[in-house]
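The sequence shown begins at -8 in this note's numbering and counts up by one.
Here's the structure, in structure tokens; my notes come after.
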Amino acid sequence: MFAPPICRRSWRNNAFPFRQLGRRRRQPGEHRSERKRAIKHSAMREQLHNCVVGRFPPQEVAEALAKVRAVCLAFPETSERLSHGGPAFFIRNKKCFVMFLDNHHDDGRLAIWCAAPDGVQADVVETDPERFFRPPYVGHLGWLGVQLPGIEDEELSAICREAFATVAPPSVLRMWRPESGE
């Protein structure tokens, strides 16, 4: 007949050995040596140094971002801030309508993700899949991915205008008059 030991804690540890797996506990008086810490930090510095941030030349990324920034910040009550690793443009600092992404999760694209009216995503992606795509995370919401290399300024402006009109609340839309040529 099995009788558990008097000390309940040791019985639990012996009955469930998987709890003992994993990281070794530090013994009393034991400290991590400075040498181990220095080796670990030098390896981390080397990884960061060898890391490639983007696939595109910095000049091309800066030019594309400047175009997107100029178009998006021209709309009323818009702002820019970092979101999910890249610049994003918001209405009243709440609702995002355009995100700028450079090689997001190594997808090899210099692109924007933008809100699109209902049904537009499927039509555009089917018509021109080399320039437009269904972005991850927000694609199921109808957002559209647009490749920036080779895009005309007028087309970029029209895409951002549609994204703004899709997301903007009625009070902001009343301030912004698309008929006036904005």
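Note that beta-carbon positions come from the ideal geometry of N, C-alpha and C, so glycine has one too.
This structure is a prediction, so every number in the text was calculated from the model and none was measured.
Of 69, 92, 71 and 103, the smallest CA-CA separation from residue 147 is found for 103.
Of 66, 157 and 139, the smallest CA-CA separation from residue 109 is found for 157. If you look at residue 93, you'll find it in the beta strand (DSSP E) that goes 86 to 93. Following the DSSP letters along the chain, one finds residue 60 inside the alpha helix (DSSP H) bounded by residues 49 to 63. The DSSP-derived three-state label of residue 120 is coil. Relative to residue 87, the option among 95, 77 and 119 whose CA is nearest is 77. Around the beta carbon of residue 97, fewer than 16 other beta carbons lie within 10 angstroms, which makes this residue exposed. Under the 10 Å beta carbon count, residue 118 is surrounded by fewer than 16 other beta carbons and is classified as exposed.
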